[in-house]
Amino acid sequence: MSGAHRVVPALRLAFRVQVAARFPHVYLGVALALALLLRLLGGEWSERLLPVLVLSEPGTLGVYLVAAQRFYARNEGTDVALQVTPLPPRVEVVAPILVTAFLGSVAGLLIQAVVLGVDFRLLLLAPPLFFTVVLSGVIGQHLSAVFSEFTRFILGSIPAMLAFLLPTATLLGWLAPSALVWLPTQWAFAAFRTIVDGPPDGSLWALCTAALLAAAGAGLFLVTGRAERRPAEAIA
Amino acid sequence: MSTLEARGLSFAYGQGAAVLKGLDFRIGEGEIYGFLGPNGSGKTTTQKILARLLHGYGGRVSAFGAELSRMGADYYERIGVCFELPNLYERLSAGENLEFYRAFFDGGTDSADGLLERLDLPLGDRRPVSQYSKGMKMRVVLARSLLNRPRLWFLDEPTSGQDPPHAVAIRELIREKAAAGTTVFLTTHDMAVAESLCDRVAFLAEGRIAAEGAPATLRRAHARGTVRVQLREGDGLATREYSLQHDDQREALAQVVRSGPLETIHSTEPSLEDVFLAVTGRRLDGS
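From first to last, the protein sequence lines stand for chains A and B.
Going by this note's numbering, the first residue of the first sequence is number 21, and it counts up by one from there.
Going by this note's numbering, the first residue of the second sequence is number 2, and it counts up by one from there.
What follows is the structure, encoded as structure tokens:
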């Protein structure tokens with residue numbers, strides 16, 4: 021990618037902006053609160069809710085936090101300010117999504133660590149978590165481009181939430197996996213069950229992870245390609 | 002070689018009416034070129050096209066000798082853009098706003114602290130820029146536009162929101178950069194700024210350049226060549242006007258100056274605002 025050497029400065033900027041807006045505080049605070057709730061509930065409830073929250077908390081917040089950052093940038097005009105630098109538009113769009121995915125992965129792992137205790141095998145869930153939040157970030161990015169105001173975005177994103185990440189749907193998917201096999205995130209439930217039951221053969225896992233990351237990359241490519249072809253009205 | 006040149010530049014938003022209707026201009030190295038017009042005349046649209054924020058224009062535009070539409074990211078290494086509104090990361094400090102921005106350039110850059118100091122902004126200030134006044138924010142934007150030592154500098158109302166001392170300092174900075182070879186493309190509706198800064202100005206009205214030239218030349222071209230005097234007459238004042246182009250009136254003026262009860266004397270040379278009105282039929286405030 022042309023301008024790839026500008027990815028690191030773009031990631032640093034996105035991370036600093038998210039810290040200044042207290043996104044990590046929100047992400048990790050909600051994760052910690054949910055994890056403590058699970059510990060309090062304990063037993064079967066905790067066992068059932070854990071896979072739901074591990075994926076849906078980072079994913080749901082990912083949609084909103086990526087979209088919020090886009091709305092901030094649009095309102096402050098910093099998106100236009102970046103467009104008159106050599107920073108490629110693709111990198112500008114991807115950086116907040118990747119930073120959010122990193123934070124989301126940490127949040128998901130935090131929930132598991134608090135509920136189940138520290139177990140390094142659970143790190144295997146980091147790639148699916150990362151992909152889930154990349155996917156939700158792509159959705160957030162797309163929706164923020166569709167809706168001109170944040171309140172309209174909140175209302176407009178509800179169907180997307182229902183389709184992708186609503187915890188109820190996720191819980192249903194956990195209890196009856198075959199019923200929601202059509203959901204794009206259904207693989208994540210299976211991945212989590214596999215990890216809980218014991219990790220699969222290493223090469224198979226690596227292949228699956230590579231395929232998932234490639235899919236995430238394709239999603240990013242499509243979204244950022246749209247960003248590069250913005251019509252004049254979107255900028256004026 | 003000109004730094005920036007447009008031939009038949011036209012533009013319309015979507016399927017709407019044309020905003021720009023065939024602009025022609027050529028700006029040389031180190032020149033300060035003023036682009037003047039009321040709100041909605043197409044100034045900002047032109048600047049966005051020249052900064053490559055808008056695509057799909059008609060006509061030809063070249064910068065540094067190359068067609069603008071074919072230039073890559075390296076174009077941004079050579080230009081600086083100071084926007085009309087303070088588009089900064091409001092939660093970050095002024096220093097952070099500049100340092101993060103600076104990291105995107107490959108070429109030589111100026112230090113953020115040096116620019117902040119030059120524009121009378123506090124060094125080491127950890128406050129977010131949201132706590133700054135509008136004038137301070139605009140100076141941060143101005144500093145940001147200079148980080149990469151631009152050879153072509155776009156300025157949109159650069160003294161907007163500034164108190165008089167800072168406005169003077171900014172005008173001095175612009176002159177200094179132009180003297181060092183930076184080409185300045187200045188859009189404004191402030192005639193005083195244009196008159197004091199620009200080597201040449203273009204009057205933009207309804208998407209067309211209605212007149213172009215040095216401010217003094219434009220004023221002279223529209224001067225009536227008269228002098229207005231006020232004379233004491235009894236208890237009051239009488240106003241008379243004398244043409245400098247007729248011998249008898251020049252002689253009458255000389256007579257008044259020598260012996261008359263003269264109170265005031267003024268040339269009637271038009272201001273740039275008057276010239277704009279005469280050329281376009283509109284004032285800069287759009288009325």
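We treat Cβ as the ideally placed atom computed from N, Cα and C, and that holds for glycine.
From a predicted model like this one, the values you see are computed outputs, not experimental measurements.
- Taking the CA atoms as reference points, G29(B) sits about 38 Å from Y92(A).
- Within the same chain, E91, R92, L93 and S94 come within 7 Å of P129(B) by CB-CB distance, once the 5 residues on both sides are set aside.
- No Cβ-Cβ contact shorter than 8 Å links N88(B) with E112(A).
- For R92(B), the residues of chain A that pass the 8 Å Cβ criterion are V37, A40 and A41, in the order they occur in the chain.
- Of all residues in the region 110 to 138 of chain A, none has a C-beta nearer than 8 Å to a C-beta of chain B.
- From the beta-carbon of L86(B), the residues of chain A found nearer than 9 Å are G97.
- With respect to chain A, the C-beta atom of V82(B) has a partner C-beta closer than 8 Å.
- Cβ contact annotation for S197(B) (same chain, cutoff 7 Å, sequence separation greater than five): R172, in chain order.
- Ranked by how close their Cα comes to the Cα of F84(B), the residues E78(B), G115(B), R103(B) and S161(B) have S161(B) in first place.
- Contiguous beta strand (DSSP E) elements confined to the region 124 to 205 of chain B occur at 153 to 157 and 184 to 189, taking only those with 3 or more residues.
- For chain B, none of the residues of the region 156 to 176 of chain A brings a beta carbon within less than 9 Å of one of its beta carbons.
- By the Cβ criterion, the region 33 to 41 of chain B is in contact with the region 175 to 188 of chain B, since at least three pairs of Cβ atoms, one from each stretch, lie closer than 8 Å.
- Note on geometry: alpha-carbon atoms of F122(A) and A34(A) lie some 12 Å from one another.
- Just so you know, the alpha carbons of L163(A) and G208(B) end up roughly 35 Å apart.
- Interface with chain A (8 Å Cβ-Cβ cutoff): L89(B) is included.
- Residue nearest to V39(A) within the set A24(A), L57(A), Q89(A) and E77(A) is Q89(A) (criterion: CA-CA distance).
- D114(B) carries a helical assignment under DSSP once its states are collapsed to helix, strand and coil.
- Its chain contains I28, G29, E30, E32, A64, F65, R152, L153 and T184 as the residues whose beta carbon lies nearer than 8 Å to that of T4(B), once the 5 sequence neighbours on both sides are disregarded; these appear in chain order.
- Chain-ordered, the chain B residues with CB closer than 8 Å to the CB of P29(A) read F101, A104 and F105.
- Ranked by Cα distance from G79(A), the first of G124(A), L56(A), L107(A) and S177(A) is G124(A).
- DSSP, reduced to helix, strand and coil, places V20(B) within a strand of the structure shown.
- Put simply, the CB of E177(B) is far from chain A, with every gap to its CB atoms at 8 Å or more.
- Counting only the Cα atoms, F277(B) lies some 29 Å from V142(B).
- Of the residues L124(B), R229(B), G9(B) and A7(B), the one whose Cα lies closest to the Cα of S268(B) is R229(B).
- For D200(B), the closest alpha carbon among the candidates D191(B), A206(B) and A179(B) is that of A179(B).
- Of all residues in the region 37 to 63 of chain B, those with a C-beta nearer than 8 Å to a C-beta of chain A are T46, K49, A52, R53, L54, L55, H56 and G57, reading in chain order.
- Looking at the backbone, the Cα of H167(B) and that of L122(B) are separated by about 11 Å.
- The beta carbons of I210(B) and F12(B) sit about 14 Å from each other, so the pair does not count as a contact at 8 Å.
- Nearest in C-alpha terms to A19(B), of all of E6(B), A170(B) and G41(B), is G41(B).
- T45(B) has its alpha-carbon roughly 27 Å from the corresponding atom of T110(B).
- The beta-carbon of E97(B) is placed less than 8 Å from the nearest beta-carbon of chain A.
- Of the residues assessed, S168(A) falls on the exposed side of the cut-off, its CB having fewer than 16 other CB atoms within 10 angstroms.
- Residues of the region 133 to 158 of chain B with a Cβ closer than 7 Å to any Cβ of chain A: none.
- For the 8 Å CB-CB criterion, G38(B) and A206(B) form a contact.
- For D25(B), the three-state secondary structure derived from DSSP is strand.
- Under the 8 Å criterion on CB atoms, L107(A) is classed as interfacial with respect to chain B.
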